[in-house]
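Chemist: In the working numbering, the protein residues as written are 16 to 450.
Quick reminder that beta carbons are idealized off the backbone N, C-alpha and C, glycines included.
Owing to the predicted nature of the structure, the values given are computational and were not obtained by experimental measurement.
Take this structure, written in structure tokens, and hold onto it; I'll ask about it next.
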């Protein structure tokens, strides 16, 4: 729309030298990408927390998370098909313009309901509270543990009235009351020396969840590898559906979203009610996450088998390099659908399970960032995937394309298996929440 913000069009001729973008054009491009990332990080997952705050019942919260993620993936289907079609056949300006219009319309609809929302009042920085527990427990490390714990003196801080839990007992020292720690009215006089028992239990909860959160990074890493490599595989395969339609390689990932939407509907309306009817109990969040781990490992097994078949086909038809610029081999891209189906169904189990678990287990003061932990997991997983890709490409330069992908998949498969097993070993450390 603004010609000065992009380099001059490059003529597709051998003797033509294309003009590189200027520093200003690069700066504007990267600034816009940073703004997109900032907007996604601030809105995509924290919006789910705000939506969950509207439902006091945990069962309603679970249903909300399911349908929130369903709408999220359904929007991805529209973006990967309709918007991509417009960008390819009309113009990129129209594609980006429609996306901007959709965001503006969503903002207007969101603001129209402002007065009807349940607003949670901020209670100060939760991170300061957690650091205070660590500092206070260190400062009182030599104090003999007694039963004189500080529970707070009002309805906000006095949410824990039972004795402290036995896990991580060192932190209990932070709530031990000593002379001079409180004011005459019972409030805390030295917040860096005395904390409420609620603050201590909040930190313990985060420590218990941390191993599960860490293992989820290795669950998401294979998904990042699938997203990065499936498109490259599709570029070398036959993507025709009938004589007149050819699937764009970039749109092959839309099948993940399609399978996710189908699976989450079946899970919400069929699998969970049937499980509860047969066992008399609801599926726990950890069980849902465990199913996601198993399906994710299965997707890596299938992708390794498909890559082996693809390499065999490439060898027999002299396409060993497997580079995107080569002619396509006589192997249908539909071979990629089983692994994408397993990824989509796996996400339909572990994403809602993780979001609900973090929302219910996180301390009240950290509810606003609980669902954003999923975004952090995805970001770190993609970073690991990039580092792993660089490691294989630099460490074994003689091995090209498909074989390098094969080794990467097997390595990630091993990591996924180990961390899936560790997840269940950590089962006893996490609080099991019945949905």
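1. Could you tell me whether the stretch 178-190 touches the stretch 146-153, using the rule of 3 or more Cβ pairs below 8 Å?
2. So, at 8 Å on beta carbons, what are the nonlocal neighbours of residue 19 in its own chain, with the 5 sequence-adjacent residues on each side left out?
3. Bridge partners for residue 132 per DSSP, in chain order?
4. Does the Cβ of residue 181 have 16 or more other Cβ atoms within 10 Å, making it buried, or fewer, making it exposed?
5. What's the call for residue 219, buried or exposed, on a 16-neighbour Cβ count within 10 Å?
6. In whole angstroms, what is the alpha-carbon distance linking residue 32 and residue 25?
7. Since residue 262 and residue 92 are thought to touch, with beta carbons under 8 Å apart, how far apart are those beta carbons, to the nearest angstrom?
8. Indicate the three-state DSSP secondary structure (helix, strand or coil) for residue 308 in the structure shown.
9. In whole angstroms, give me the CA-to-CA distance for residue 208 and residue 185.
10. If we ignore side chains and look at the alpha-carbon of each, how far apart do residue 324 and residue 401 end up?
11. Does the stretch 367-382 come into contact with the stretch 64-73, if we say contact requires no fewer than three beta-carbon pairs (one atom in each stretch) closer than 8 Å?
12. Which residues mark the beginning and the end of the alpha helix (DSSP H) in which residue 154 is found?
13. List the endpoints of the continuous alpha helix (DSSP H) containing residue 54.
14. Check residue 95 in the structure and name its three-state DSSP category.
15. Is the separation between the beta-carbon of residue 369 and that of residue 304 shorter than 8 Å?
16. Is it the case that the stretch 340-359 contacts the stretch 240-259, given that we only count it when at least three CB pairs across the two stretches are under 8 Å?
17. Taking just the CA atoms, how far does residue 270 sit from residue 329?
18. Which word fits residue 466, buried or exposed, when buried means at least 16 other C-beta atoms lie within 10 angstroms of its C-beta?
19. Check whether the stretch 88-105 touches the stretch 286-293, counting contact only when three or more Cβ pairs, one atom from each stretch, lie closer than 8 Å.
20. Since residue 64 and residue 383 should fall inside the 8 Å C-beta cutoff, what is the C-beta to C-beta distance between them, to a whole number of angstroms?
21. Given this structure, state the Cα-to-Cα distance separating residue 418 from residue 327, to the nearest angstrom.
22. Which two residues bound the contiguous alpha helix (DSSP H) that contains residue 200?
23. Since residue 164 sits in a beta bridge, which residues does DSSP pair it with?
24. Which two residues bound the contiguous alpha helix (DSSP H) that contains residue 217?
25. Hey, how far is the Cα of residue 283 from the Cα of residue 222?
26. Roughly how many whole angstroms lie between the Cα atoms of residue 155 and residue 95?
27. By a C-beta neighbour count over all protein chains shown, 10 Å radius and 16 as the cutoff for buried, is residue 34 buried or exposed?
28. Considering only their Cβ atoms, is the gap separating residue 314 from residue 357 smaller than 8 Å?
29. Measuring CA to CA, which of 165, 366 and 385 is closest to residue 276?
Modeler: Judging by the given coordinates:
1. yes
2. For the purposes of this step, residue 19 is taken as residue 4 along the chain shown, with counting starting at 1. None.
3. Residue 132 sits at position 117 when you count from the first residue of the chain shown. Answer is none; residue 132 lacks a bridge partner.
4. The residue you call residue 181 lines up with position 166 of the chain shown. Counting Cβ neighbours within 10 Å, residue 181 comes out exposed, since fewer than 16 surround it.
5. As a position in the chain shown, residue 219 is number 204, starting the count at 1. Looking at its Cβ environment, which holds 16 or more other Cβ atoms inside 10 Å, residue 219 is buried.
6. As a first step, residue 32 is located in the chain shown; it is residue number 17 there, counting from the start. As a first step, residue 25 is located in the chain shown; it is residue number 10 there, counting from the start. Distance between the alpha carbons of residue 32 and residue 25: 8 Å.
7. Reading the chain shown from its first residue, position 247 is the one you call residue 262. Reading the chain shown from its first residue, position 77 is the one you call residue 92. With a Cβ gap of about 14 Å, residue 262 and residue 92 do not count as contacting.
8. Taking the first residue of the chain shown as 1, we reach residue 308 at position 293. If DSSP states are grouped into helix, strand and coil, residue 308 belongs with the helices.
9. On the chain shown, position 193 is the one that residue 208 refers to. On the chain shown, position 170 is the one that residue 185 refers to. Approximately 14 Å between the Cα atoms of the pair.
10. Mapped onto the chain shown, residue 324 falls at position 309. Mapped onto the chain shown, residue 401 falls at position 386. Cα-Cα distance, rounded: 25 Å.
11. yes
12. Within the chain shown, residue 154 is the residue found at index 139, counting from 1. Start and end: 141-154.
13. Against the chain shown, residue 54 aligns to sequence position 39. Looking at the DSSP string, the run of the alpha helix (DSSP H) that includes residue 54 is 38-58.
14. Your numbering for residue 95 matches position 80 in the chain shown. Helix at residue 95.
15. Here the question's residue 369 lines up with position 354 in the chain shown. Here the question's residue 304 lines up with position 289 in the chain shown. Yes, the pair counts as a contact, with Cβ atoms nearer than the cut-off.
16. yes
17. Within the chain shown, numbered from 1, the residue matching residue 329 stands at position 314. Within the chain shown, numbered from 1, the residue matching residue 270 stands at position 255. Straight-line Cα distance between these residues: approximately 24 Å.
18. This structure does not reach residue 466, given that the chain is present from 16 up to 450, and the question cannot be answered.
19. no
20. Here residue 64 refers to the residue found at position 49 of the chain shown. Here residue 383 refers to the residue found at position 368 of the chain shown. At roughly 5 Å, the Cβ-Cβ gap stays under 8 Å, so residue 64 and residue 383 are in contact.
21. Within the chain shown, the letter at position 403 stands for residue 418. Within the chain shown, the letter at position 312 stands for residue 327. Here residue 418 scores only 45 on pLDDT, less than 50, and its place in the model is too uncertain to base an answer on.
22. On the chain shown, position 185 is the one that residue 200 refers to. Element bounds for residue 200: n/a, residue is neither H nor E.
23. One-based indexing of the chain shown puts residue 164 at position 149. Paired residues: 191.
24. What you label residue 217 is simply residue 202 of the chain shown in a count that begins at 1. Here the alpha helix (DSSP H) through residue 217 covers 212-250.
25. Along the chain shown, read from residue 1 onward, the residue named residue 283 stands at position 268. Along the chain shown, read from residue 1 onward, the residue named residue 222 stands at position 207. So the two alpha carbons sit approximately 30 Å from each other.
26. Along the chain shown, read from residue 1 onward, the residue named residue 155 stands at position 140. Along the chain shown, read from residue 1 onward, the residue named residue 95 stands at position 80. For residue 155 and residue 95, the distance between alpha carbons rounds to 57 Å.
27. For the purposes of this step, residue 34 is identified with residue 19 of the chain shown, where counting begins at 1. Looking at its Cβ environment, which holds fewer than 16 other Cβ atoms inside 10 Å, residue 34 is exposed.
28. As a working mapping, residue 357 is identified with position 342 in the chain shown. As a working mapping, residue 314 is identified with position 299 in the chain shown. Yes; because the gap between Cβ atoms is below 8 Å, this pair is in contact.
29. Working through the chain shown from its first residue, we reach residue 276 at position 261. The option with the nearest alpha carbon to residue 276 is 366.
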